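Here the structure is laid out as structure tokens; the discussion comes afterwards.
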Amino acid sequence: CESNWTQGSELVLTLLAEVADMEWCEGSKCIIRLFAAVAVRMMREKQVDAMWSIIQTHCDQTCFCVMESIRLHGCLVIAECLRLVNEKVENERNSQESQESDLLSSDSQITQNHKLYTFIPRILVERWGKVLSQRRLDKSSNVRAIGVTAVSALPHSTLLDYEGNEFTPNDLVLSSLGDVDAKVRDAAIKALAFLSVDHIEEAINRLKAEDKPEIRRLLAAKLIQEVHVLSFSEEQRASLLSFLYDNKDRILSRMARERLIPKWEKEQDGDSTLNSLFNPRDEEPLRMYISTLFADDLKKSENEWEFVEIVKEENPEMICIDNWEKSITRLSASELSYGVLLLECTFSVLSSVGDLSSCLSRLVPSLADVCRSMRRVSGSWLSGSEADREEERLMVRVLKLVAHFDRFDSDGMCEWESLLRYLILSPEVKPSKILVELCMDHLIRVFGSEKEKMEEIREWAIDQMDQLLFEGDEVTEDDSLKWRCSLILHSLVKHLSSLDEKTAQFTSRIMEKAFISEWDMQRELNCIIISIVGSLNKDWLEGKMMFMLKAALEMDVDAIKMVCLRGLVDMMSIHSPPIIASLLFPDWEEEVITRETKLYQLFEEHADPTSKSMISQTAIHCILRVVRDWSPPCPIFIYNLLIFTTRENEGERAGLEMAVIEEMKRQLGMSRPFRLLMAHSMYCLIERQKAENAYKCSIMSTLMKSMMLLRNARSEDESIDFEEWLVPMMILDAIIEDPESGMNRILVNSLSFMKRDDGGNGLKMMGKKMETAIERLAIYEETAASKSLVKIYERLDGRSGRKRKMGGEKKRGRKRVKKEEDEEGTLSDS
């Protein structure tokens with residue numbers, strides 16, 4: 001090349017053309033790298049015109065070729081050229097400058113771009129930018145992945161894409177994070193560059209906007225591992241910490257704790273560090289940070305007692321036994337919140353190393369004293385609306401914390417019951433659901449294994465509620481009292497293993513008298529109680545209770561319907577679906593339709609596979625539970641199962657016309673409309689969801705298997721319908737339309753479940769479709785799929801001894817073109 005640049009460039013271009021026509025292999029990459037090295041050398045030797053001619057010719061011939069392998073080849077050439085040039089620029093920069101930080105300033109970026117343009121002409125870089133911005137949208141995932149890698153090597157400045165819009169390389173790389181193919185997403189993660197504060201800001205914003213957990217983790221790991229903690233601004237670091245912890249992802253939290261809170265910060269002033277890093281209302285980052293500091297303090301202490309004294313001395317804001325009464329009665333909610341957080345972190349660190357009972361008396365008062373103090377302040381804390389009560393949330397946290405570690409003694413038990421009674425009876429306070437249930441749940445948690453004590457708690461709770469709600473046969477009109485008593489009854493019955501007579505009678509009485517309420521939350525809770533008690537005793541459901549559940553299903557409140565549907569399925573799992581169906585429809589024997597069909601209609605009324613509403617999803621989940629626990633003969637259950645699985649993985653289901661669904665409802669037990677519906681769903685899968693992936697193919701295969709099972713189960717006198725062949729014909733249409741698709745082998749395998757059947761126009765039309773598909777596959781040299789389809793066709797046609805015509809005219813430009821005439825002769829003979 002150095003002796004004759006023109007001849008050398010022509011030689012390299014010829015060599016590349018040969019490589020483009022060969023099978024893709026490691027040798028192809030070596031030759032491409034050789035070409036890139038020659039190209040960069042020619043640039044440096046000022047042979048720009050000769051090199052420009054080669055690049056222009058090569059881009060036109062490869063990057064816009066019909067064949068995927070040649071487009072891949074062209075993008076890789078550009079990527080290698082840019083990589084080599086960037087390496088040379090980086091080496092020169094490192095030799096001239098000392099690297100003071102991991103980030104480049106804007107001036108150094110301009111300098112680097114200027115040096116890159118000394119190797120590659122600006123007009124060539126701009127042309128590459130247009131080419132790569134278009135290849136990033138290529139239909140082949142392999143080409144898109146290489147395109148993203150090449151885009152990241154472009155100069156970090158504003159360029160124009162193929163439509164004339166401005167872009168920067170990082171913009172295209174970030175947008176590729178949402179690609180449907182994992183290869184492209186991985187390439188985008190690797191290609192992402194953080195060369196300035198603006199790049200970091202863009203990546204953080206993209207991370208916050210991402211809704212896929214796996215991409216969030218990859219992007220967060222890239223950001224945290226490749227950017228030094230000092231390179232973040234304080235706002236960026238605090239924002240990133242808060243986001244990672246708020247996602248409740250343990251992996252992200254661990255990454256943030258290890259990389260974004262370095263050890264050197266422990267030597268700084270605690271208050272200033274916390275104020276600069278965290279928003280006071282973001283408790284999760286604070287909790288992790290404080291727990292990390294406390295864990296180090298515990299390791300340095302000789303024992304737990306010394307650690308407790310150190311924490312109390314260094315954190316006077318912490319609520320503890322020394323300042324309990326003063327803090328509870330005088331401090332505001334925001335001041336109390338930080339003090340309770342410090343106490344929770346102390347408990348957490350101590351409990352991780354062993355039993356903290358020896359330190360409990362040094363940290364907090366006894367449970368009885370805590371209950372007394374909570375009762376004293378509850379009048380002022382629980383007087384406002386539930387939404388504005390920050391103090392109540394603090395009360396719940398304190399009671400959960402102390403009750404979890406302190407065993408109920410006689411004094412503590414007495415005060416706990418007194419606090420619960422006060423919360424129920426006092427007209428001054430308005431406790432929320434979480435506080436009342438907390439008090440009951442902790443009583444049952446502590447004494448659940450003690451039979452006598454549980455009987456005592458049950459007797460006490462029933463008597464208290466009876467006195468509050470009933471005066472003779474009349475029930476109180478106070479909705480607040482009804483709500484509180486329902487909360488206690490719910491906490492009581494959900495922990496019972498069996499239903500005693502007194503609880504059953506009281507529950508029946510309160511449901512009959514207080515089931516109808518103006519509060520949606522009250523009605524919802526009543527339905528939950530009926531479901532729980534019904535699960536304990538099916539005889540209790542007979543009559544009014546089951547009628548109440550059926551009535552609740554007709555209410556125009558989605559939350560109540562969802563609770564009723566879940567309750568019915570839970571009861572079916574325990575008592576069996578036929579028993580629940582008999583209780584729901586006691587007169588089913590007098591009707592033509594079966595109880596199984598009536599049970600399906602109850603769920604199907606609320607289940608719409610095309611909807612994203614919560615009530616529809618709940619109904620479909622209930623159908624799945626019924627299918628798992630009980631296999632009814634009604635085929636619509638199988639259909640809903642398939643549609644739900646498809647919708648769960650491929651996005652919102654679309655295209656199920658109401659006419660087909662209505663026909664299915666009218667002829668529920670017949671096979672023909674069901675086959676029509678299956679065929680239509682297959683059409684929707686192929687036409688509306690074009691993504692090539694193995695999961696879609698497995699769904700198609702499952703649909704085919706179900707179709708064949710139904711065909712085999714038909715009666716002997718049932719005629720052969722043309723609709724039976726619609727599903728496989730849809731598959732063949734997809735193969736004919738795109739014979740080079742990567743999913744064709746799986747589609748052909750799904751057809752292998754078909755069996756030969758005599759008669760009907762369906763078989764003739766199927767044969768013609770198969771012949772067309774075989775020819776299309778042969779033209780594009782998809783040998784494996786073509787041979788499999790030939791075997792299926794021969795089995796269906798009943799002529800396995802004959803070989804079918806497999807080929808048509810070869811497509812120009814594919815491999816082994818020189819053998820075309822010989823192959824045509826062989827195929828015509830066969």
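Here the sequence shown is numbered in full-length UniProt numbering, starting from 1 and rising by one per residue.
Just so it is clear, CB atoms sit at the ideal spot from N, CA and C, and this is done for glycine as well.
Treat the numbers as computed from the prediction; the structure is a model and nothing was measured.
- Classified as exposed, residue 296 has fewer than 16 neighbouring CB atoms from the shown chains inside 10 Å of its CB.
- The distance from the Cβ of residue 536 to that of residue 499 is about 4 Å, consistent with a contact at the 8 Å cut-off.
- Segment contact: the segment 408–421 against the segment 365–377, three or more CB-CB distances shorter than 8 Å; contact assigned.
- Collapsing the DSSP output to three states places residue 159 in a strand.
- Excluding the 5 residues flanking it on each side, residue 126 has same chain C-beta neighbours closer than 8 Å at 159 and 160, in chain order.
- Straight-line measurement puts the Cα of residue 299 at about 12 Å from the Cα of residue 310.
- Within the same chain, Cβ atoms closer than 8 Å to the Cβ of residue 465 are found at 485, 488, 489, 506 and 510, the five residues on either side in sequence being excluded.
- Annotated three-state conformation of residue 166 is strand, per DSSP.
- Cα atoms of residue 307 and residue 356: separation of roughly 12 Å, rounded to the nearest angstrom.
- In this chain, the alpha helix (DSSP H) harbouring residue 205 covers 197–209.
- Each of 613, 571, 614 and 565 was checked against the Cα of residue 601, and the nearest Cα belongs to 565.
- Take the alpha-carbon of residue 496 and the one of residue 533: they are about 9 Å apart.
- If you compare the alpha carbons of 598, 521 and 513 with that of residue 550, the shortest gap goes to 598.
- Inclusion of residue 396 and residue 435 in the CB contact set at 8 Å is warranted, their separation being smaller than that value.
- Residue 329: member of the alpha helix (DSSP H) spanning 324–330, first to last residue.
- Look at residue 524 here: in three-state DSSP terms it is helix.
- In summary, residue 315 is buried, with 16 or more beta-carbon neighbours lying within 10 Å of its beta-carbon over all protein chains present.
- DSSP, reduced to helix, strand and coil, places residue 557 outside both helices and strands of the structure shown, so it counts as coil.
- Contact between residue 184 and residue 217 is absent: CB atoms are separated by about 17 Å, not below the 8 Å threshold.
- Looking from the CA of residue 199, the closest CA among 421, 152 and 420 belongs to 152.
- Residue range 182–191 is occupied by the alpha helix (DSSP H) that includes residue 189.
- Judged by DSSP secondary structure, residue 454 falls within the alpha helix (DSSP H) whose first and last residues are 451–469.
- Residue 790 sits in a helix when the DSSP states are folded into three classes.
- Straight across, the Cα-Cα distance linking residue 346 with residue 290 is about 9 Å.
- The shortest CA-to-CA distance from residue 556 to any of 75, 381, 615 and 176 is the one to 615.
- Nearest Cα to residue 469 within the set 572, 124 and 482: 482.
- In the three-state DSSP reduction, residue 748 falls in the helix class (H, G or I).
- Scanning its chain for C-beta atoms nearer than 7 Å, with the 5 sequence neighbours on each side dropped, one finds around residue 453 the residues 447, in chain order.
- Here DSSP, grouped into helix, strand and coil, assigns residue 364 to coil.
- Taking C-beta atoms as the reference points, residue 398 and residue 340 count as a pair closer than 8 Å.
- Classified as exposed, residue 543 has fewer than 16 neighbouring CB atoms from the shown chains inside 10 Å of its CB.
- Boundaries of the alpha helix (DSSP H) around residue 149: 141–152.
- Spatial neighbours of residue 784 in its own chain (CB-CB distance under 8 Å, excluding positions within 5 residues in sequence) are listed in chain order as 745.
- Around the beta carbon of residue 478, fewer than 16 other beta carbons lie within 10 angstroms, which makes this residue exposed.
- Here residue 474 is bridged, per DSSP, to 471.
- Here the alpha carbons of residue 82 and residue 68 stand approximately 21 Å from one another.
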